[in-house]
Structure formats: C-alpha cells, structure tokens
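Each number in the numbering used here comes from the position in the sequence shown (counting from 1) with 2 added on.
Just so you know, even glycine gets a beta-carbon here, dropped at the ideal spot from N, CA and C.
Here is the structure we will look at.
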Amino acid sequence: MVLEENTGTNKIEAIVVELPEGNDIIRLSPNAFMEMKRLRLFIINDYDDYVCFSGELNSLPNELRVLDWDGYHLPSLPSNFHGKKLSYLKLRGSLIQDVRVVEHMNLTVLDFSFCELLTKIPNLSRHRNLKELNLLFCKNLEEIHDSVGLLDKLVRFDVSGCSKLWSFPRSIKLISLEYLDLEHCSSLLNFPEIEGEMKNLDGIT
Numbered sequence: 003m004v005l006e007e008n009t010g011t012n013k014i015e016a017i018v019v020e021l022p023e024g025n026d027i028i029r030l031s032p033n034a035f036m037e038m039k040r041l042r043l044f045i046i047n048d049y050d051d052y053v054c055f056s057g058e059l060n061s062l063p064n065e066l067r068v069l070d071w072d073g074y075h076l077p078s079l080p081s082n083f084h085g086k087k088l089s090y091l092k093l094r095g096s097l098i099q100d101v102r103v104v105e106h107m108n109l110t111v112l113d114f115s116f117c118e119l120l121t122k123i124p125n126l127s128r129h130r131n132l133k134e135l136n137l138l139f140c141k142n143l144e145e146i147h148d149s150v151g152l153l154d155k156l157v158r159f160d161v162s163g164c165s166k167l168w169s170f171p172r173s174i175k176l177i178s179l180e181y182l183d184l185e186h187c188s189s190l191l192n193f194p195e196i197e198g199e200m201k202n203l204d205g206i207t
C-alpha cells in the first residue's frame, strides 16, 4: 500500500481508502504524504481505528481541497499544513484537540462531529464561504467563538449533544441559515440574540 510503504509520487492527485474487513491494523508511514505534492483529495473511513501512524504525521499536501478522515487519531494536523486551498474538512469521530490551524482556512464544510476531546472552536471569521458546521456530540466542547454568529453563508449549524457547551456566540446574524440544532446543550447560559431576519430558517431544535 502506497501509504504504508511511503511510495507515493507527485503524480497522485486523489486517494480513497476502502478498508478491508478484519482486524488487521494498517500502520502508515509518518512521511506517507511527503512526495504527494499534488494530492487534492484524500478520503478514508476508519471508525474502528484500524489505521494509525508509526509515529507523528510529518506533513499533508497543501494542494488538498478535500480532507475526509473519519477516526483521525492524532491531536492536531501537521504544523506545516496551512490548508489554504482546502474547502472540505471532515474529521468525524477523531481525537483532534488543537484546531487553531482552521483559523487560516476558507472552508465550505467543517465537520468535527463526535470529536470528544475537542473543547474550543476558534475564530472562523475568514470562513466567508462556510455553509455547514457540524459539531454534533462533541461532548467536551465548551466554547464557540463569537465570529461563528456572523457567517452569512452558513446554512446548517449543528451543536446537538454538546452537553458542556456554555459559551456560544452572544448574537447571531446568519441570514442564510436553514437548520440550527441546539438540542441537549444543557450547559448553555443564554440563548443568543438574533439580529436581522433569518428568512430561510425552518426551525430551531
């Protein structure tokens, strides 16, 4: 396998990993992506933790447009990854903790659902095109930056099941919002003030 043996080249532009049935753990090289400078799409579904690195992940290609990695098992993305071309980031059910790198991105979809070690969502004011923010069942999430309340292209916003969430944008002006789910956010101190009209909103759960 290319990712195990570190045999990738700059000709590779897309990788979709379908894990085989069984209990064998796939150990990836820390330098697995080092030579794949043109990689634009990487998708791997690993809910059962069958994929891990033999050490830290040293790099990710900065040409990536789509990074969809369920079960990503490291606490952060590589420090040399800026992801400025990334539009779709999904790390569902991962061990991610430090997500400050996303401050410098401009995503359309951001999915950290079921990331139980995540405690804070940073400034997302640069995400002018963000349409979907999914934080479903981030059970230890406590704070969401006020900038999220001003994302005027946001259509779907799900924080249901975030039982420790207490700091939410004080006001929201989300003119494109269609879906907002705050169910089971039992620690919220106040409901945000709604500024302006949200004509597309079907309802709040």
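Counting only runs of at least 3 residues, the region 158-206 fully encloses the following beta strand (DSSP E) elements, listed from N- to C-terminal order: 158-160, 181-183. With 16 or more other Cβ atoms from the protein chains shown falling within 10 Å of its own Cβ, R94 counts as buried. Between the alpha carbons of R130 and N108 lies a gap of roughly 7 Å.
In chain order, I98, Q99, D100, V101, V103 place their CB closer than 8 Å to the CB of S78, counting only its own chain and leaving out the 5 sequence neighbours on each side. Across the set H75, K13, L176, the C-alpha of H75 shows the shortest separation from the C-alpha of P32. Here R102 carries a helix assignment [DSSP, helix/strand/coil]. Positions of the beta strand (DSSP E) runs, each at least 3 residues long and wholly inside the region 86-153, are given as 90-92, 111-113, 134-136 in order along the chain. In the three-state DSSP reduction, F44 falls in the strand class (E or B).
Counting every other CB atom within 10 Å of its CB across the protein chains shown gives F193 a total below 16, marking it as exposed.
In the DSSP assignment, L69 falls within the beta strand (DSSP E) that extends over 68-72. Rounded to whole angstroms, the Cβ separation of L137 and V161 is 5 Å, and the two are in contact under 8 Å. In the three-state DSSP reduction, L30 falls in the strand class (E or B). Judged by DSSP secondary structure, I17 falls within the beta strand (DSSP E) whose first and last residues are 16-19. The alpha-carbon of L119 is positioned some 31 Å away from that of D204. Taking a 10 Å sphere around the C-beta of K92, we find 16 or more other C-beta atoms and assign the residue as buried. Excluding the 5 residues flanking it on each side, N142 has same chain C-beta neighbours closer than 8 Å at E118, L119, L120, T121, K166, in chain order. Contact between L66 and K39 is ruled out by a C-beta separation of about 11 Å, above the 8 Å threshold.
Closest in C-alpha terms to S81, from the list S61, M200, L112, comes S61. In this model, R42 and F159 are separated by some 26 Å (Cα to Cα).
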